[in-house]
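Student: Just so you know, the sequence shown maps onto residues 15 to 260 in our numbering.
The beta-carbon is built from N, C-alpha and C at its ideal position, and this holds for glycine as well.
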Amino acid sequence: MHFQLFAKLCLEISNQSKSCAQTLIHDLLQTSSSYYFHHFIEIVLIDERISLYQIDNYLFLHTYLPMILTMKKPSSTTNDSTQVFIQRLEQLLNKTCEHCLQSIYNESQTNLDWLQSYKKLSKSINYSHMQIIGDIKALELYLHCQIINDKTKIQTIIEQSIRFIEQHLQLPLLIDEEQQQESESTTIVDDENNPIKKRRLDDSNITIDITNNDPKRKAILDALQILQTFLTNINTVTNESTTIEE
Numbered sequence: 015m016h017f018q019l020f021a022k023l024c025l026e027i028s029n030q031s032k033s034c035a036q037t038l039i040h041d042l043l044q045t046s047s048s049y050y051f052h053h054f055i056e057i058v059l060i061d062e063r064i065s066l067y068q069i070d071n072y073l074f075l076h077t078y079l080p081m082i083l084t085m086k087k088p089s090s091t092t093n094d095s096t097q098v099f100i101q102r103l104e105q106l107l108n109k110t111c112e113h114c115l116q117s118i119y120n121e122s123q124t125n126l127d128w129l130q131s132y133k134k135l136s137k138s139i140n141y142s143h144m145q146i147i148g149d150i151k152a153l154e155l156y157l158h159c160q161i162i163n164d165k166t167k168i169q170t171i172i173e174q175s176i177r178f179i180e181q182h183l184q185l186p187l188l189i190d191e192e193q194q195q196e197s198e199s200t201t202i203v204d205d206e207n208n209p210i211k212k213r214r215l216d217d218s219n220i221t222i223d224i225t226n227n228d229p230k231r232k233a234i235l236d237a238l239q240i241l242q243t244f245l246t247n248i249n250t251v252t253n254e255s256t257t258i259e260e
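Take a look at the structure:
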């Protein structure tokens, strides 16, 4: 799925003709391939949401998931393979929402733990950053499919995560023993191999330097901005819907 071949092929078909895309989905859901198709969607939404960082995977689901759901009939028999697939897809989307909200909460807390420690965890925090992006994109797909009208739970979790991050960004960074030893004065040699005592930086200078240059902090700020933008978009859509109803 990280090669995006299947997603690219389906997007090419939908870009050429919407009717061709609908025919593709109809034929796919009527065959045994529907099992593998559902499994593919499940892997992306449940286990590999980071793959939504790749635009073709995201656009593929953004295009085809609503198309599949529009095939739902008011009353269907359990023997109709298409309707069974749609029912399973709706269950999967609801499950995805729950997983995303839990993941965002967990990753936000993990980011905060890493933020408070001056350790080289760039790879880990970059993964966490990308996971939050994947979670947000999956939630966007969920809302795009219009499975629910009440977005209160989603808004609450996102608001909590934003608040936690904002609060912890104000806390001082902790210098562990390993970093403290590195910051102590050390002996180096000049070009003529004469020992030179390196001046020790005071803690305030170290803290300022970390605050301004720590790549972990930048990744967390990026994640915070993504959460804030997503929340703003939800609130805007919700307010517009309320205005229309009134």
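Taking 8 angstroms as the cut-off, decide whether the C-beta atoms of I60 and H143 are in contact.
Tutor: Taking the first residue of the sequence shown as 1, we reach residue 60 at position 46. Taking the first residue of the sequence shown as 1, we reach residue 143 at position 129. Not closer than 8 angstroms, so no.
Student: Got a sec? Which residues, its chain only, sit under 7 angstroms from Y72 by beta carbon, not counting five neighbours each side?
Tutor: Sequence index remark: in the sequence shown, residue 72 carries index 58 (1-based). Excluding residues within five positions, the ones whose Cβ falls inside 7 angstroms are L66, K151.
Student: Among residues of its own chain, excluding the 5 on either side of K22, which ones have a beta-carbon nearer than 7 angstroms to its beta-carbon?
Tutor: Counting from 1 along the sequence shown, the entry for residue 22 is found at position 8. If we look at K22 and ignore the five residues flanking it on each side, its Cβ neighbours are D70.
Student: According to DSSP, is E62 helix, strand or coil?
Tutor: Your numbering for residue 62 matches position 48 in the sequence shown. Residue state, collapsed to three classes: coil.
Student: What do you get for L19, buried or exposed, if any count of 16 or more other CB atoms within 10 angstroms of its CB means buried?
Tutor: Position 5 of the sequence shown holds residue 19. Answer is exposed; the Cβ neighbour count stays below 16.
Student: Alpha helix (DSSP H) containing D70: first to last residue?
Tutor: Taking the first residue of the sequence shown as position 1, residue 70 is located at position 56. 69–83 is the extent of the alpha helix (DSSP H) around D70.
Student: Output needed for I82: all residues of its chain with C-beta closer than 8 angstroms, excluding positions within five of it in sequence on either side, in chain order.
Tutor: Reading the sequence shown from its first residue, position 68 is the one you call residue 82. Within the same chain, I82 has close Cβ partners I39, L43, F99, I100, L103.
Student: Is T110 buried or exposed, if buried means 16 or more other CB atoms sit within 10 Å of its CB?
Tutor: By one-based count along the sequence shown, residue 110 stands at place 96. Per the 10 Å Cβ criterion, buried.
Student: Contact defined as beta carbons within less than 8 angstroms: I believe I248 pairs with K165. What is the distance between those atoms, to the nearest angstrom?
Tutor: Taking the first residue of the sequence shown as position 1, residue 248 is located at position 234. Taking the first residue of the sequence shown as position 1, residue 165 is located at position 151. Sure, about 6 angstroms apart at Cβ, within 8 angstroms.
Student: For E62, which option in L79, S117, P88, S31 has the closest C-alpha, if you only look at C-alpha atoms?
Tutor: Here residue 62 corresponds to residue number 48 of the sequence shown, with the count starting at 1. For the residues L79, S117, P88, S31, the minimum Cα distance to E62 belongs to S117.
Student: Applying the criterion that 16 or more other CB atoms from any shown protein chain within 10 Å of the CB defines a buried residue, is S46 buried or exposed?
Tutor: Stepping through the sequence shown from its first residue, residue 46 is reached at position 32. By the neighbour-count rule (16 or more Cβ atoms within 10 Å), S46 is not buried but exposed.
Student: What is the rounded straight-line gap between the Cα of C34 and the Cα of I64?
Tutor: For the purposes of this step, residue 34 is taken as the residue at position 20 of the sequence shown. For the purposes of this step, residue 64 is taken as the residue at position 50 of the sequence shown. Distance between the alpha carbons of C34 and I64: 29 angstroms.
Student: Assuming contact is defined by CB atoms lying nearer than 8 angstroms, are I171 and L115 in contact in what I supplied?
Tutor: Translated into the one-based positions of the sequence shown, residue 171 becomes position 157. Translated into the one-based positions of the sequence shown, residue 115 becomes position 101. Result yes, Cβ atoms of I171 and L115 sit closer than 8 angstroms.
Student: In whole angstroms, what is the alpha-carbon distance linking I261 and D94?
Tutor: Residue 261 is absent from the structure shown; the chain starts at 15 and stops at 260.
Student: What first and last residue would you give for the alpha helix (DSSP H) that runs through T45?
Tutor: The sequence position of residue 45 within the sequence shown is 31, counting from 1. T45 -> no alpha helix (DSSP H), and no H or E assigned at all.
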